[in-house]
Each structure stands twice: as C-alpha cells, then as structure tokens.
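In what follows, a structure is listed as structure tokens, so that the remarks can point back to it.
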Amino acid sequence: MNAHNDQPRPMTFTAAPALSGAIGVPGDKSISHRSLMLSALAVGESRVEGLLEGEDVLATAAAMRAMGADIMRDDDGIWHIHGVGVGGLMQPATALDMGNSGTSTRLLMGLLASHDLTATFIGDASLSKRPMGRVIEPLSAMGASFAASPGGRLPLTMRGLCPAVPISYRLPVASAQVKSAILLAGLNMPGQTQVIEPVPTRDHSERMLRGFGADLEVAVEADGARIITLTGEAELRPQSIVVPGDPSSAAFPMVAALIVPGSRVTITNVGLNPTRAGLVELLQEMGGDVTVINPREVGGEPVGDLVIAASALRGVDPDPARVPSMVDEFPIAFIAAAMAQGRSTFRGLEELRVKESDRIAVMAAGLRAIGVVVEELDDGIIIEGRGGDPLPGGGPIATHLDHRIAMSFAVAGLASRNGVTIDDMRPVATSFPGFAPLLTTLGATG
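Residue numbers (UniProt numbering): 1 to 446.
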C-alpha cells in the first residue's frame, strides 16, 4: 500500500510518563539503499540482513528489479540479491516510481547515467517538488541527457551514455547524494571519476564501494577537503551485509528520553559513523545524558548501543560546519531546543529548505502552533527554550507529507500539557514503520 494514496491519518500524542526500556530502530536508510544498488551490480548472490523495509527503500528494490536484478526476501527477513554485473542493467519497461524517496531518485540517476538506456522517474507530490538540478549538472557533463519538468523536477526522463565521460567535480554544496550519484556513474566508464568535497558528508558510499571491491581512493587536503577518486569499469563482488540501526531514526526516541522527565532508554545497534554522529554530539553539548556503550564495527561501519537519561538541556549555538553530519536530524533537534533553558540559534541550514518539505518554515510554523517562541531566518531558526516546562501543545500540525516533521512533533507531544495532534502520520512509513507502536512499548500513550 502506498502511504500517500489513502486518506490522511491524524494522531494525537499526549504527555507520557517516564519512558523506559531497550529498543532497536529500523535499519539505516542510507546503507539500505546502497546495499541494494551495489548488490544488483555485483555478479552472484549478496545477502542483506536488517534492511530497512520502509517505502523509500522498497522503491529502490522495485527499481533494481525493473532493471534485471533478482531480489527476494526470505521468511527470516534476509534479503537475497542476484546481481547483473556492472553495465548489465536492462531497459526498464515502465516508469520508475520513486514514491517519496529523493535518495533513490538521485542515486539511481547516477547509476543509469553511464548505461545505454532510457528511464523515466516519477514520484509522489512531495518528491515532485524537489529540485534535481544539482545531480543533472554533473551527470550531463558525463554525457547523460535529461528532459525534466520545470525547475529540474520530476517527472523526468533521462538517457544514459555508454561509454560516458569521466569528470572531476567539485561539489558546490555539501551533498552525499550528489557525491554518490557521480561515483555510481563512474563505475561503468573507463578512466577515473573524481569528486572533491570541501566539507565532508556521510561516507557510506565510499565504505560500501570499497567493500564490494571497487578501486576507490580518498585523499584529504590540508584544508580538510576530501578528494575521492574511483577507477571505473569495476567488477563488484557479492557481499553479506548487516545493516546497523539508522541514527536518523534513533534520534526520535533519543530526544523523547531526554525531554520526558524520569526517562531512561537504551537503543541498541545504532550506526555511529562519524559523518552521521552530529546529533549525539549536539545533545551532549546541550547537557544531554547520552552514553555510547559496547562500541564495535559491523561490515565496515562503527556501531554501538546508546543509553539516554532525561536531562536538563541548555540552549546551543552550533557551528554550521556540523550541518552535514546531522542534516536530517535538525527537526528533532529543534524540539530538544524548545525544551532547553535559554535560546538556541541554528544557522547554515539552507539545505533544509529543499528536503521533503521546507523544514525550516514548516518546523517554525509547527513550533509556534504548540506554544514555542521562534524566529525564522533565511538559513536557520532561533528558538526560545522553555527551560524544561511542558510545551502547551496544540495542532493539528501540518506535516506537508514529511515523515521527519511528523515524528518530531509526535515526540513534542510526549512533553506537552495538552497533547500535540499530527495532521497525517502516513508518511512515517517511508522511513520508520512501527514508530508509534515503538513509543508505546517505552510507555508513551497516544
């Protein structure tokens, strides 16, 4: 069932008693997408355990099936992918429906840019508003051609070029999706494809490409810029992958445990890749009691268990350089700031305006609706914290089909006097199926 074709499903989240217990969160979305794509390009069978079975990742699976990969899930929840080899993707018979997934769209555009085939990408109303120009530009330089809707949006038809032309591309804006799209395109072309990123972004693609056997080198310049070089015409080897818990999903129960008095929660098996750990560091700087225990490495990715206890938080003025390491976690960070003592100022967040929604504007409107004093900035937001006092509550909050907005205000409801009503919880299925029941297992009431 597509979560966006039905009637809206409003829910109200009310003040919770102390939250307690140990939980796991769904598999990391970024790693899940990439594990399916690279497994589909390897020759032989790959196994993926812990795959996030949300709608975004299932859109990637459906697209790879449409281009020839054999993908199935067994009764134990392990996914088996028989790949077609680099260069072996087939012409899809119909348009590729990306649903709400910007990651699927941008990474697959890169993958197809160096294949001699034509594909049309479509998506839901939210995805169809998101600009694809930042991916179209470098892929066009490689030789792919595009016919996009106005503003570089979906629906979009592209034709790849084989052999495509390797490029060296300096990212104008920090974006792991653009970086990954270029590297994926480089797999099926001769020569070296190079991406220069002035500000490091999440590095799951580099880690996983290496793991599958691609020839990839990373050099770090004196100024901190990373130069990533991929030598093409790769032969990828099948892998067994265990997907860690998604730190972006762990963010919601983490903040809930911090702001609901008396809470103590353990979240197991969370991915702690340093390029994704910005929120943990931010919450600790705010005075949050967040401890990592049992650190380990699984499949090249650092993993640990998080123990979180309710804390008196204080306002913060984080360095904009941290943005790439927590770009998806700012909506829930704003909820933490709303409960803190003092003012928090977040800047350097232009990227949030082109996510599933304009997350700065939508969060500002929602925070005002539940009694928080905020000032919206061009590139961020100023939030006057309530010093631990319960949020007044209210709603319904307009989520604009954005899963992270819905979950952020659900958490706010747990620390409110009168509850917070969300206009539609269906989008949460894109990244965190079972979100509301998981809060209930910790003791929340909804």
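We put the beta carbon where it would ideally sit given N, CA and C, even for glycine.
Identity of the residues DSSP links to residue i by a beta bridge
i           : result
residue 381 : 346 and 376
residue 339 : DSSP output for residue 339 lists no bridge partner at all.
residue 308 : 265 and 290
residue 231 : 192 and 215
residue 226 : 197 and 220
residue 394 : 420
residue 121 : 96 and 156
residue 240 : 47
residue 32  : Residue 32 is not bridged to any residue.
residue 426 : DSSP output for residue 426 lists no bridge partner at all.
residue 298 : 301
residue 71  : 81
residue 314 : 341
residue 27  : 245
C-alpha distance - residue i paired with residue j, whole-angstrom precision
i           : j           : result
residue 2   : residue 428 : Residue placement at residue 2 cannot be trusted, given a pLDDT of 42 that sits under 50; the coordinates are not used to answer.
residue 300 : residue 369 : 43 Å
residue 270 : residue 116 : 39 Å
residue 268 : residue 406 : 23 Å
residue 193 : residue 86  : 15 Å
residue 96  : residue 190 : 27 Å
residue 17  : residue 232 : 55 Å
residue 11  : residue 162 : 50 Å
residue 420 : residue 71  : 40 Å
residue 33  : residue 234 : 19 Å
residue 77  : residue 387 : 44 Å
residue 310 : residue 266 : 12 Å
residue 49  : residue 214 : 22 Å
residue 4   : residue 358 : Low per-residue confidence applies at residue 4: pLDDT is 47, beneath 50, and the placement is therefore not dependable, though the value from the model is reported in the following sentence. Roughly 18 Å between the two C-alpha positions.
residue 498 : residue 337 : Residue 498 falls outside the range modelled here, since the chain spans only 1 to 446, and no answer is possible.
residue 129 : residue 274 : 31 Å
residue 243 : residue 51  : 6 Å
residue 251 : residue 404 : 10 Å
residue 363 : residue 334 : 8 Å
residue 413 : residue 15  : 6 Å
residue 401 : residue 354 : 13 Å
residue 66  : residue 94  : 8 Å
residue 175 : residue 185 : 16 Å
residue 240 : residue 431 : 22 Å
residue 284 : residue 38  : 35 Å
residue 112 : residue 92  : 11 Å
residue 181 : residue 24  : 30 Å
residue 152 : residue 135 : 10 Å
residue 40  : residue 177 : 19 Å
residue 188 : residue 417 : 57 Å
residue 204 : residue 150 : 31 Å
residue 173 : residue 75  : 42 Å
residue 390 : residue 36  : 43 Å
Residue span of the alpha helix (DSSP H) that contains residue i, given as start and end
i           : result
residue 267 : From DSSP, residue 267 is part of no alpha helix (DSSP H) but of the beta strand (DSSP E) over 264-271.
residue 209 : 204-211
residue 437 : 435-441
residue 403 : 403-414
residue 56  : 55-66
residue 370 : Careful: residue 370 lies outside any alpha helix (DSSP H) and carries neither H nor E.
residue 11  : It is not in any alpha helix (DSSP H) - residue 11 instead sits in the beta strand (DSSP E) that spans 11-13.
residue 254 : 247-259
residue 111 : 102-113
residue 355 : No alpha helix (DSSP H) contains residue 355, which DSSP labels as neither H nor E.
residue 473 : In this structure the chain extends from 1 to 446, so residue 473 is not present and cannot be described.
residue 178 : 176-186
Bounding residues of the beta strand (DSSP E) (the contiguous stretch that carries residue i)
i           : result
residue 82  : 79-84
residue 23  : 20-24
residue 430 : Looking at the DSSP string, residue 430 is not in any beta strand (DSSP E), and its letter there is neither H nor E.
residue 168 : 168-170
CB contact check: residue i to chain D, cutoff 7 Å
i           : result
residue 226 : Among the chains of the structure shown, chain D does not appear; only one protein chain is present.
*Can you list the beta strand (DSSP E) stretches of 3 or more residues lying completely in the segment 128-153, in chain order?*
Restricted to the segment 128-153, the beta strand (DSSP E) segments that are unbroken, complete and at least 3 residues in length are 145-149, listed in chain order.
*Between the segment 84-104 and the segment 42-56, do three or more beta carbon pairs fall short of 8 Å?*
Contact check between the segment 84-104 and the segment 42-56: three or more CB pairs, one atom from each, fall below 8 Å, which counts as touching.
_I'd like to know if the segment 343-350 and the segment 373-393 are in contact, where contact means that at least 3 CB-CB pairs between them fall below 8 Å._
Touching, yes, given that three or more Cβ pairs across the two stretches are closer than 8 Å.
*asked:* Assess contact between the segment 71-84 and the segment 117-126, defined as three or more Cβ pairs (one per stretch) separated by less than 8 Å. Is contact present?
replied: Counting Cβ pairs under 8 Å, fewer than three are found: no touch.
_Taking 8 Å as the cut-off, does the segment 22-42 touch the segment 237-248 (at least 3 CB pairs, one atom from each stretch)?_
Judged by Cβ distances under 8 Å, the segment 237-248 makes contact with the segment 22-42, as three or more pairs qualify.
*asked:* I want to know whether the segment 134-141 touches the segment 154-170 - three or more CB-CB distances under 8 Å.
replied: A contact between stretches requires three or more CB pairs, one per stretch, nearer than 8 Å, and the segment 134-141 meets this requirement with the segment 154-170.
*Would you check if there are 3 or more beta carbon pairs closer than 8 Å linking the segment 275-291 to the segment 303-320?*
Judged by pairs of C-beta atoms under 8 Å, the segment 275-291 touches the segment 303-320, as three or more such pairs exist.
*Would you say the segment 204-214 touches the segment 249-259, given that touching needs at least three Cβ pairs under 8 Å?*
Using a Cβ-Cβ distance cut-off of 8 Å, the segment 204-214 and the segment 249-259 are not in contact, since fewer than three pairs of beta carbons, one from each stretch, lie closer than that value.
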